[in-house]
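Accompanying notes for the structure given below.
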Amino acid sequence: MAKTWLPPVEYVATLPRATAYACLYFTDTAGRPFQLRSVYGSEAWQWPGGNMDPGETPWQTAVRECREETGIEFAGEPRLLGAHFLAPCGEDWPANHIGFIFDGGMLTDEQIAGVVLDPEEHTEYRVHTLAEWERVMTPRNFQRLAHIERARQEGAAVYLETAAFA
Numbered sequence: 000m001a002k003t004w005l006p007p008v009e010y011v012a013t014l015p016r017a018t019a020y021a022c023l024y025f026t027d028t029a030g031r032p033f034q035l036r037s038v039y040g041s042e043a044w045q046w047p048g049g050n051m052d053p054g055e056t057p058w059q060t061a062v063r064e065c066r067e068e069t070g071i072e073f074a075g076e077p078r079l080l081g082a083h084f085l086a087p088c089g090e091d092w093p094a095n096h097i098g099f100i101f102d103g104g105m106l107t108d109e110q111i112a113g114v115v116l117d118p119e120e121h122t123e124y125r126v127h128t129l130a131e132w133e134r135v136m137t138p139r140n141f142q143r144l145a146h147i148e149r150a151r152q153e154g155a156a157v158y159l160e161t162a163a164f165a
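The opening residue of the sequence shown carries number 0 in numbering that gives the first Met the number 0; numbering runs sequentially from there.
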């Protein structure tokens, strides 16, 4: 098949569609992961974050979403812990979904106590040990949590793939 040059607008129209999310991974001072309980979706527990808005970078998205969802004004530097690829799953999400998980560091007890949730998005927040999280999370999301925690401990970012999500 002969290769034909296409103007960028036409070429991009031939490529797979994708959306992107970004989030911050926090722990408390005892090293226990901090997560929010979502009001929607089957994956109840998640990190502060969300989908990118037009014109945003992944880092800008993570910081903005953290502020909107928790009231935390994160001022740290970007440190990528992982990239996450999720394949489309039909009408539930008909595009690839690509995620960027950044290290938010440790939250003090005072910072955690000062969290203000958006009740339209989250009902509560918790800190648990990995063993405690494993009991309340879906196996797929717990594996993502465990890989991100290991990436933080080892100082090397991870790449994760998920076949489909609901």
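We put the beta carbon where it would ideally sit given N, CA and C, even for glycine.
A quick note: this is a predicted structure, and the numbers were derived from the prediction, not measured.
Between W4, K2, Y24, which lies nearest to R168 when the distance is taken from Cα to Cα?
-> An answer regarding residue 168 cannot be provided, because it is not within the stretch 0 to 165 covered by the chain.
Mind checking which residues open and close the alpha helix (DSSP H) that includes A150?
-> In the sequence shown, counting from the first residue as 1, residue 150 sits at position 151. Looking at the DSSP string, the run of the alpha helix (DSSP H) that includes A150 is 138-153.
G98 versus A162: straight-line alpha-carbon distance, rounded | For the purposes of this step, residue 98 is taken as residue 99 along the sequence shown, with counting starting at 1. For the purposes of this step, residue 162 is taken as residue 163 along the sequence shown, with counting starting at 1. CA-to-CA, the gap between G98 and A162 works out to about 14 Å.
Cβ separation of Q45 and I71, assumed to be a contact under 8 Å, to the nearest whole Å = Translated into positions along the sequence shown, residue 45 becomes position 46. Translated into positions along the sequence shown, residue 71 becomes position 72. Wrong, their Cβ atoms sit about 15 Å apart, outside the cutoff.
Rounded straight-line distance, which links the Cα of A94 to that of P15 | Taking the sequence shown and counting its residues from 1, the one referred to as residue 15 is at position 16. Taking the sequence shown and counting its residues from 1, the one referred to as residue 94 is at position 95. Inter-residue distance for P15 and A94 is about 8 Å (C-alpha atoms, whole angstroms).
On the DSSP bridge assignment, give the partners of I71 in chain order.
-> Counting from one through the sequence shown, the residue named residue 71 turns up at place 72. According to the DSSP secondary-structure assignment, I71 is paired through a beta bridge with no residue.
What is the rounded straight-line gap between the Cα of W132 and the Cα of Q142?
-> Residue 132 sits at position 133 when you count from the first residue of the sequence shown. Residue 142 sits at position 143 when you count from the first residue of the sequence shown. Note on geometry: alpha-carbon atoms of W132 and Q142 lie some 10 Å from one another.
Cα-Cα separation between L35 and P118, rounded to whole angstroms = Here residue 35 refers to the residue found at position 36 when the sequence shown is read from its first residue. Here residue 118 refers to the residue found at position 119 when the sequence shown is read from its first residue. L35 and P118 have their C-alpha atoms roughly 11 Å apart.
DSSP three-state assignment for L106, whether helix, strand or coil | Residue numbering aside, residue 106 sits at position 107 when the sequence shown is read from its first letter. Strand at L106.
Local Cβ density within 10 Å of D108, reported as buried at 16 or more and exposed below that = Along the sequence shown, one-based indexing puts residue 108 at 109. Classified as exposed, D108 has fewer than 16 neighbouring CB atoms from the shown chains inside 10 Å of its CB.
Give the range of the alpha helix (DSSP H) segment to which V11 is assigned.
-> Locating residue 11 in the sequence shown gives position 12, counting from the first residue. Note, V11: alpha helix (DSSP H), 7-12.
For D52, which three-state DSSP category applies?
-> In the sequence shown, counting from the first residue as 1, residue 52 sits at position 53. In the structure shown, D52 sits in coil (DSSP, three-state: anything other than H, G, I, E or B).
Out of V8, Y20, G30, point me to the one whose CA is closest to L85's CA.
-> Within the sequence shown, residue 85 is the residue found at index 86, counting from 1. Comparing Cα-Cα distances from L85 to each of V8, Y20, G30, the minimum goes to Y20.
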